[in-house]
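Enquirer: According to mature numbering (1 follows the signal peptide of the UniProt record, and there is no 0), the sequence shown holds residues -19 to -1, 1 to 244 in order.
Backbone N, C-alpha and C define an ideal beta-carbon position, used for all residues, glycine too.
Quick caveat, the model's predicted, so the values are computed rather than measured.
Let me give you the structure first, and then I'll get to my questions.
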Amino acid sequence: MKFSSFFTSLALGAVQIAAAPAELAARAPTLFLCGDSTMARSSDAQMDGWGQYVGKYLNIPVVNRAIGGRSSRSFWNEGRFQNVANEVKAGDIVVIEFGHNDVGSPRSNDNGRSVCPGEGTETCISDKTGETVYTFVFYVIQAARLMTAKGATVILSSQTPKNQWATGTWDGTPSRFVSMQQKAAAALNNPAVTFVDHFQAVSNMYRKLGSSAVRALYIKDNTHTSPAGADLSSQAFVQAIYQKMNGATSLAPHVKTPVKIVY
């Protein structure tokens, strides 16, 4: 899949295909989710992704296209962003959230998921396949542009935190991909693309819950939560949207009220 020019063509990506007002009024939007295992449905009863629960707190349909083990790079290379774009209709909403699997280096024992370090047009060459690998910001921007070209709005959501009480002592340090997600939204400079700091929302909740309660949510490892933890992560996301933690988003009008306050 070929990429177009990066910053020089961002303005073109801001152009949207608008549906007629009557068409949008007749059809409620659908929320599409793109992400990794922390968002996806799990076949393991001891863990689940938050995307499976967020629909309880919204008054629109949710289509969860997240899949485990994916990064922004592999989701792009496998054509999964394109598949979602093919489903999307004008007025729909797409949440894009990655980061957990984007770590590592394509230059050293490339696993097919690691992104190139940097926050712009930097590229790396995979030491295994010779593939040109781009940055996290680049993949996210390209994905967002696919969706806005269909008339959808996009919410770039920062990744969920790992167990911040894993050692018994609080550690709220964010992954570097949290700020990168926000930078991708800013670089697009498109009112159809907004940012929500899901990481910070969940982090605020974890700080409030305390060590014992949070550690109980991580049964298998310190990345994937139990179904109860996934539900709480979805509630933190909805609260952040409803309270406009990082500004207004297209999803806020579709939040069911009253909203449960979890942080």
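State the Cα-Cα distance for the pair LYS188 and ASN144, rounded to the nearest angstrom.
Expert: Here the sequence assigns Arg to residue 188, which means Lys is not the residue at that position. When rounded, the distance between both Cα atoms is 11 Å.
Enquirer: Shorter than 7 Å from the beta carbon of MET20 to some beta carbon of chain B?
Expert: Among the chains of the structure shown, chain B does not appear; only one protein chain is present.
Enquirer: Grouping DSSP H, G and I as helix and E and B as strand, with all else coil, what is VAL240?
Expert: Coil.
Enquirer: Helix, strand or coil: how does DSSP classify PHE13 here?
Expert: In this structure, PHE13 counts as strand in the three-state DSSP scheme.
Enquirer: Sort GLY132, THR141, ALA130, VAL84 by Cα distance to SER115 and report the nearest one.
Expert: In the sequence on display, residue 115 carries Tyr and not Ser. Looking at the Cα atoms, VAL84 is the closest of the given residues.
Enquirer: Quick one: Cα of ASP212 to Cα of LYS237, how far?
Expert: Each residue's Cα considered, the two are about 15 Å apart.
Enquirer: Please report how far the alpha carbon of GLY80 lies from the alpha carbon of ILE136, in whole angstroms.
Expert: Looking at the two C-alpha atoms, the distance is approximately 15 Å.
Enquirer: Cβ atoms of ALA182 and ALA217: under 7 Å apart, would you say?
Expert: Contact flag set, yes.
Enquirer: According to DSSP, what are the bridge partners of LEU39?
Expert: DSSP, once it has assigned bridges, lists VAL236 as partnering LEU39.
Enquirer: Please give the ranges of any beta strand (DSSP E) in the region 119 to 165, keeping only runs that are unbroken, at least 3 residues long and fully inside the region.
Expert: Those beta strand (DSSP E) runs which fall completely within the region 119 to 165 and span 3+ residues are 134 to 138.
Enquirer: Quick check for students: name the residue ranges of the beta strand (DSSP E) that lie wholly in the region 27 to 110, counting only runs of 3 or more.
Expert: For the region 27 to 110, whole beta strand (DSSP E) runs of length 3 or above, ordered along the chain, are 43 to 45, 74 to 78.
Enquirer: Could you check how far apart the C-beta atoms of LEU127 and ALA66 are, in whole angstroms? I think they sit under 8 Å.
Expert: Confirmed, about 4 Å.
Enquirer: With 16 as the cutoff for other CB atoms within 10 Å, does THR110 come out buried or exposed?
Expert: Exposed, since its Cβ has fewer than 16 Cβ neighbours within 10 Å.
Enquirer: Which word fits LYS241, buried or exposed, when buried means at least 16 other C-beta atoms lie within 10 angstroms of its C-beta?
Expert: Exposed, by the Cβ-count rule.
Enquirer: Let me confirm a value: ALA229 is counted as buried when at least 16 other C-beta atoms fall within 10 Å, else exposed. Which label applies?
Expert: It is exposed - the Cβ of ALA229 has fewer than 16 other Cβ atoms within 10 Å.
Enquirer: Could you say which of ARG51, GLY99, THR113, ARG88 lies nearest to ILE77 if we only look at CA atoms?
Expert: Taking only the C-alpha atoms, the option nearest ILE77 is ARG51.
Enquirer: Hey, how far is the Cα of VAL159 from the Cα of SER215?
Expert: Near 17 Å, if we compare the C-alpha coordinates of SER215 and VAL159.
Enquirer: Would you tell me roughly how many angstroms separate the C-alpha atoms of VAL195 and ASP152, rounded to the nearest one?
Expert: Cα to Cα, the separation comes out at about 12 Å.
Enquirer: Based on DSSP bridge pairs, tell me the residues matched to GLY210.
Expert: None; GLY210 has no bridge partner.
Enquirer: Going by the C-beta, is GLY101 closer than 6 Å to any heavy atom of the ligand SAH?
Expert: With respect to the ligand SAH, the structure offers nothing, as it holds no ligand at all.
Enquirer: What residue does the alpha helix (DSSP H) around ALA182 start on, and which one ends it?
Expert: Its alpha helix (DSSP H) spans residues 179 to 190.
Enquirer: Would the beta-carbon of ALA147 fall within 7 Å of that of VAL69?
Expert: For ALA147 and VAL69, no; Cβs fall outside 7 Å.
Enquirer: In the DSSP assignment, what residue or residues form a beta bridge with VAL219?
Expert: Answer is none; VAL219 lacks a bridge partner.
Enquirer: Just tell me which of SER192, LYS131, TYR34 has its CA closest to the CA of ALA71.
Expert: When each option's Cα is compared against that of ALA71, the closest is LYS131.
Enquirer: Could you check the C-alpha separation between PRO142 and THR113 for me, to the nearest Å?
Expert: Near 29 Å, if we compare the C-alpha coordinates of THR113 and PRO142.
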